[in-house]
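J.:
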Amino acid sequence: MRTNRSAGARWLVVVTALAVLASAAACSGDRPPGGGPADPYHADAVRYGLAPQPHPDVTYQPDVVLVGGGGAAVRSVTDDGLTWRIDPDAERAADLAPGKVMFLTSRAVGRVVDVRRDGGDLAVTIGPVELTEVIRDGTFRTAAPVPLDRPIAYSAGTPSWVAADLPPEPTRSGGTGGGTSGTDTGASSSGGPGGD
Numbered sequence: 216m217r218t219n220r221s222a223g224a225r226w227l228v229v230v231t232a233l234a235v236l237a238s239a240a241a242c243s244g245d246r247p248p249g250g251g252p253a254d255p256y257h258a259d260a261v262r263y264g265l266a267p268q269p270h271p272d273v274t275y276q277p278d279v280v281l282v283g284g285g286g287a288a289v290r291s292v293t294d295d296g297l298t299w300r301i302d303p304d305a306e307r308a309a310d311l312a313p314g315k316v317m318f319l320t321s322r323a324v325g326r327v328v329d330v331r332r333d334g335g336d337l338a339v340t341i342g343p344v345e346l347t348e349v350i351r352d353g354t355f356r357t358a359a360p361v362p363l364d365r366p367i368a369y370s371a372g373t374p375s376w377v378a379a380d381l382p383p384e385p386t387r388s389g390g391t392g393g394g395t396s397g398t399d400t401g402a403s404s405s406g407g408p409g410g411d
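When we follow this note's numbering, the leftmost residue of the sequence shown carries the number 216, and every step to the right adds one.
#1: In this structure, does DSSP put T347 in helix, strand or coil?
#2: Considering only the alpha carbon of each residue, which of A368, R322, A312 lies closest to R332?
#3: Among the candidates V330, V324, R356, G335, whose CA atom is the shortest distance from the CA of V344?
#4: In whole angstroms, give me the CA-to-CA distance for R326 and Y275.
#5: Pair every Cβ in the segment 296-306 with every Cβ in the segment 352-363, then say whether three or more of these pairs are closer than 8 Å.
#6: Quick one: what does DSSP say Y263 is sitting in, helix, strand or coil?
#7: Following the continuous beta strand (DSSP E) through I341, name the residue where it begins and the one where it ends.
#8: Quick one, which of R365, A338, L363 has its alpha-carbon nearest R290's?
#9: Which class does D333 belong to by DSSP, given the choice of helix, strand or coil?
#10: Between the Cα of L319 and those of E384, P360, R300, spot the shortest distance and give me the residue it belongs to.
#11: Would the beta-carbon of M317 fall within 7 Å of that of V273?
#12: Under the DSSP definition of a beta bridge, which residues are partnered with D352?
#13: In the segment 278-335, which residue ranges form an unbroken beta strand (DSSP E) of at least 3 residues, counting only runs that do not cross its ends?
#14: Check the C-beta distance from E306 over to G284 and give it rounded, since I have them as a contact under 8 Å.
#15: Find the nearest neighbour of Y263 within the set A288, I341, P269, R356, judged by alpha-carbon distance.
#16: May I ask you to report which of helix, strand or coil DSSP gives A258?
Take a look at the structure:
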């Protein structure tokens, strides 16, 4: 499925670009105004990504919701990185709705496709977005080079497009659900495809 693979590659590029932009636009200090840590090696940032920081040189699209708290507002995330369980009391979490773009961290950014209360959490399912769906206008610069000596690796689990390439799971009867066995319909083994 070439379409799904290229969509997954675009998703990875957008998330990576947003991570770089979030760190480049971050304010100085240990706990910036967005509520999340500015240090990319802080435990919350390593686990869930850096919180976006408002900056005068960046204009977000009108439907972008900058949710406060960064990684500290995240309770859990599914292996595919699409459903985020967050603190419903996080700043602007109540503004999330299908069609909006959630920007909670550099990894928790995407178009909201579903949002619902689940126990004491807010479960938000997001889909991919293009960079221009998040940022309308911006100037990005840094006085220092991007450090490449201490990379942070994220495990994304099994990509959704890989599951689509897997063969069907066998049913209880041993088949794969792809048709009938011939004995179920009374069909004979001769005269059909492959039988003479």
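Glycine residues also receive a C-beta, built at the ideal position from the N, C-alpha and C atoms. Just so it is clear, the structure is predicted and the values come from calculations on it, not from any experiment.
T.: Inspection of the coordinates gives the following:
#1: helix
#2: A312
#3: V324
#4: Approximately 14 Å, taken between the alpha carbons.
#5: no
#6: helix
#7: It spans 336-342 - the beta strand (DSSP E) in which I341 sits, taken as one unbroken run.
#8: It is A338.
#9: strand
#10: R300
#11: No, these two residues do not count as a Cβ contact at 7 Å.
#12: T274
#13: 279-281, 289-292, 298-301, 316-318, 324-333
#14: 7 Å
#15: A288
#16: Secondary structure at A258: helix, using DSSP grouped into helix, strand and coil.
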